[in-house]
Structures are given as C-alpha cells and as structure tokens.
Amino acid sequence: MAEAKKIKVTLVKGLSGCLPNQRRTVKALGLGKISSSVVHDATPANLGMVRVVAHLVKVEEM
C-alpha cells in the first residue's frame, strides 16, 4: 500500500484582522505563532482547510 503524501504547512502571516472561521481553521491545523510549522497527510479535508487560509500559510510537499 502506498504511503499518503505529506504536506508541511507554515504560518507566515498573523491572524489580526482575520475572520473567526479562519482563526479556528489555523488552530485546527495545529498552528499557533508565526513561523510555526506542522506536517499533515494530504487528505481532502486537510487540503480544504489549507485552501481556506491559503493567504496566511505556505505549503510545501514532502
């Protein structure tokens, strides 16, 4: 069975001025402070969350 693709998500902008659902999405991804990073599987659910906050994060494939 093939391994799931991984993505590394890094918060590059602050959350001031963001909508409440964007703040909750960033927290659900496991990000806190600027330049914090997490690694997730590239599932449709995770990719959808990344799409909601795409203007705040940097995404790298691993």
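Note that the working numbering gives residue 21 to position 15 of the sequence shown, counting from 1, and the numbers run on in steps of one.
Ideal Cβ placement from N, Cα and C applies to all residues, glycine included.
- T31 sits in a helix when the DSSP states are folded into three classes.
- Taking the CA atoms as reference points, K12 sits about 6 Å from H46.
- Rounded to whole angstroms, N52 and S42 show a C-alpha spacing of 17 Å.
- Between T16 and K64, the C-beta spacing is below 8 Å.
- Following the DSSP letters along the chain, one finds V56 inside the alpha helix (DSSP H) bounded by residues 50-58.
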